[in-house]
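I have placed the structure first, in the form of structure tokens, so that the comments after it can refer back to it.
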Amino acid sequence: MELLVDVFAYEGLIMISPELTPDFYLGFTLAALTDFPAAVLFILLINRFNKWTLNIVMTLPCTPPSKFVQKLRSNRIPGNFWMSVVLSLLGRLTLSAGYSSVLLYVPELFPTSIRNTGYALALLMSYFASMVSPYSRSLSKLLPWAPNVVFGVMCVTLPLAIRRLPETMNKELPQTLADMERNMRKAMKKA
């Protein structure tokens, strides 16, 4: 689910990024430039926080931008336009850093015997999200506020779902299915 939400919101923000500014190329370029600071941010934070917390912290900042961007754009005040661009880029930056932590975290959830299969299944869900996300651009033409609301709702529900997953930092990775089930039961009790 983590990969599905992160990829759907990230790819969806890529699809609607040309609409950030009146100039197609400027909007896309600004959105593309967020990947480098996101990578630097991820590198600086990955050793300070565990991957579980990092993903929650990086996903939640996407929520306010998603909800307020359309409202800011609907008001015809000049400063609001650039504020909506900055909030959209902030959401994309934090999603990119969160996605990096998910790529490291998801394989650690599965036991050694099925780690590659479990990771492949999770990546398959992310590919599904990549196939669906281009429709966010079509949806934005029909209902301009809808993609931002969908991304915002997904970015709120993801941290709630992640809380039920076990933390893997400084812990031995599961070797068998029984180990994985035991880790999941412990995480469910804590949540």
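Residues are numbered in the numbering used here as their position in the sequence shown, beginning at 1, plus a constant of 712.
Note that beta-carbon positions come from the ideal geometry of N, C-alpha and C, so glycine has one too.
Quantities reported herein were computed from a predicted structural model and do not represent experimental measurements.
| Query | Result |
| --- | --- |
| With distances taken Cα to Cα, identify the nearest neighbour of D891 among F754, V865, P823 and E879. | P823 |
| Starting from I874, follow the alpha helix (DSSP H) in both directions and report where the run begins and ends. | A858 to I874 |
| For E893, which three-state DSSP category applies? | helix |
| Which residues mark the beginning and the end of the alpha helix (DSSP H) in which K883 is found? | Run containing K883: none; DSSP gives neither H nor E here. |
| From F761 to R875, what distance separates their C-alpha atoms? | 15 Å |
| For the alpha helix (DSSP H) containing P730, name the first residue and the last one. | Taken as a continuous stretch (DSSP letters only), P730 belongs to no alpha helix (DSSP H), as it is neither H nor E. |
| By how many angstroms is the C-alpha of E820 removed from the C-alpha of N895? | 11 Å |
| Exposed or buried, what is S800 when buried is set at 16 or more other beta-carbons lying within 10 Å of its beta-carbon? | buried |
| Can you tell me whether R827 is helix, strand or coil according to DSSP? | helix |
| Rank K853, L805, L836 and R897 by C-alpha distance to the C-alpha of A751 and give the top, closest one. | L805 |
| Around the Cβ of F736, are there at least 16 other Cβ atoms within 10 angstroms (buried) or fewer (exposed)? | exposed |
| Would Y811 and L715 qualify as a contact pair, given that the criterion is a beta-carbon distance under 9 Å? | yes |
| Starting from the C-beta of V814, find all residues in its chain whose C-beta is less than 7 Å away, skip the five residues before and the five after it, and write them out in chain order. | E714, L715, D718 and N767 |
| To the nearest angstrom, how far is the alpha carbon of M770 from that of T888? | 30 Å |
| Note down the Cα distance separating L772 from V868, rounded to an integer number of angstroms. | 6 Å |
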